[in-house]
Amino acid sequence: MSCPRRFFGAKSAFWTAFMSYERGIAAIHLEMPDSIPHTEYVSHPRLMERVTGLSANHPDIGPEFYRKWDFDFIWRTDSPEFPNAPRAWMGSARYSEEQELKPAEYPFTTVEEVLAFDPIERIGIPDRETTRLIIERSLGDTRSRFDTVVVPTGYYNTVFTWCIVTFGWDLFLLAAKDDSDRFDTILDGFAQLSQPIFEAAAETNAEAFICHDDIVWTAGPVFRPEWYRRYIFPRYRKLWAPLIEAGIPILFCSDGNFTEFVDDIADAGARGFIFEPHTDLEYIAERYGQTHVIIGNADCRILTYGSSDDIRNEVERCTRIGKPLPGYFYAVGNHIPYNVPID
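When the letters of the sequence shown are read in order and numbered with our numbering, they come out as residues 1 to 343.
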């Protein structure tokens, strides 16, 4: 089946000029591919069933979907287990028709409890060699299943996201504001938990590293920019150093609008950006289009609620900006959820 016109996946000779992997790795290396490569983040079982002819619970539906739509790259991360880590409710959208949202749970109840928390003592720093083996095994397994695309490694919690998943948004923001010095110690602890993961990844043959950290909201930063420049971005520079030395490109990924921090993130060493429609594609393309990988930022709200003309205009917008860039990938930046029409 060809891809519904509502999506970027429409098939043509333009899409099939290169094999998927070659097209994707060329873009990762900033070597202009013959056509714009493509990836998506899909939570849409009915769409995947329609494209592949497989049932939603079939073990091969993901790889087959990637092959059918000729994707070039897969978004993924790796991590050791952290069995002792407290887990707070991050906030969540509904990702499937069957999903039941659980009641919010928070392991901390006061700002003082947060400020007294020691991530290293409570959670424990992962062993680097064990982590390397985990990453290598996961990379190998994913490559064997998704054998037509570039398969990166990556890490999800990094620094800022550790705070969200541990404390929940409210207590995180209150504690960081209440006592910045004590909270700096907590941030340092989280960075130390992450450090062996970045070091271990640098010792693998990964072709790219996705550094995910949800540092902003839809409206932009949740702290003053100076706070990020003091407490977050210097830690990125340290975390990323082993990957940079190993020649593994770092693709920074965050939800929300991080336009204000694009320059800071590039200065810390990121070689690419993965982002939602809220972050300014034109700004990134103008400043970094010839030197960085750029993945995004078509808007799923247009796919869901827009007319055919709206959708066509959105594709043309991304094409106009992205086609001259050697590292640009088509992607719906805020993913394709189950309620997007498939006709």
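Just so you know, even glycine gets a beta-carbon here, dropped at the ideal spot from N, CA and C. Just so you know, these numbers come straight off a predicted model, no measurement behind them.
Beta-carbon within less than 7 Å of residue i's beta-carbon, same chain only, minus the 5 sequence neighbours each way: which residues are those?
i	result
Ile125	Gln192, Leu193 and Pro196
Ala206	Leu139, Pro152, Thr153 and Ile248
Arg182	Leu115
Pro225	Glu260
Glu353	Residue numbering for the chain in the displayed model covers 1 to 343; residue 353 lies beyond these limits and cannot be assessed.
Gly168	Ala88, Trp89 and Tyr106
Give a yes or no on whether the C-beta atoms belonging to residue i and residue j are separated by under 8 Å.
i	j	result
Thr279	Asp214	no
Phe146	Tyr41	no
Met409	Pro326	Lying outside 1 to 343, the shown extent of the chain, residue 409 is not represented and no answer is given.
Cys300	Pro337	yes
Asp310	Ile302	yes
Ala268	Gly296	no
Thr319	Ile123	no
Gly256	Thr204	no
Gly189	Asp263	no
Phe198	Trp240	yes
Thr131	Pro80	yes
Ala27	Tyr328	yes
Asp78	Thr166	no
Leu251	Phe209	yes
Val149	Gly272	no
Pro107	Pro86	yes
Arg229	Leu187	no
Val216	Ala175	no
Ser43	His335	yes
Leu243	Ala298	no
Trp89	Glu105	yes
Thr142	Arg76	yes
Between residue i and residue j, how many whole angstroms is the CB-CB distance? I'm expecting something under 8 Å.
i	j	result
Glu260	Gly220	6 Å
Cys211	Thr158	6 Å
Phe71	His29	Their Cβ separation, rounded to whole angstroms, is 18 Å, which puts Phe71 and His29 out of contact at 8 Å.
Arg128	Ala200	5 Å
Cys253	Ile274	4 Å
If you reduce the DSSP assignment to three classes, tell me which class residue i lands in.
i	result
Phe252	strand
Glu117	As written in the sequence, residue 117 is Phe, which differs from the Glu given in the question. Coil, per DSSP.
Val332	strand
Glu276	coil
Trp69	coil
Val51	helix
Val216	strand
Val42	strand
Ala298	strand
Pro400	Limits of the chain in this structure are 1 at one end and 343 at the other, which puts residue 400 out of reach.
Val293	strand
Pro63	helix
Pro103	coil
Pro221	strand
Pro234	helix
Pro242	helix
Pro4	Bear in mind that the predicted position of Pro4 carries a pLDDT of just 37, short of 50, making it unreliable; the figure below should be weighed with that in mind. Coil at Pro4, not helix or strand.
Please confirm whether any heavy atom of the ligand FMN lies closer than 7 Å to the CB of residue i.
i	result
Phe190	Of ligands this structure carries none, so the ligand FMN is not represented either.
Keeping to the same chain, check which residues put their C-beta closer than 6 Å to that of residue i; ignore five residues upstream and five downstream.
i	result
Ile61	Met48, Thr52 and Leu54
Asp179	Leu115
Using C-beta distances below 8 Å, list every residue in its chain close to residue i, excluding the 5 sequence neighbours before and after it, in chain order.
i	result
Phe82	Ile123, Gly124, Pro126 and Leu193
Gly306	Glu314
Ala285	Ile294, Ile321, Gly322, Leu325 and Tyr328
Pro164	As written in the sequence, residue 164 is Ile, which differs from the Pro given in the question. So the qualifying residues of the chain are Ala88, Met90, Phe172 and Asp214.
message: Could you tell me which whole alpha helix (DSSP H) segments of length 4 or greater appear in the stretch 136 to 211?
response: 160 to 167, 169 to 178 and 180 to 202
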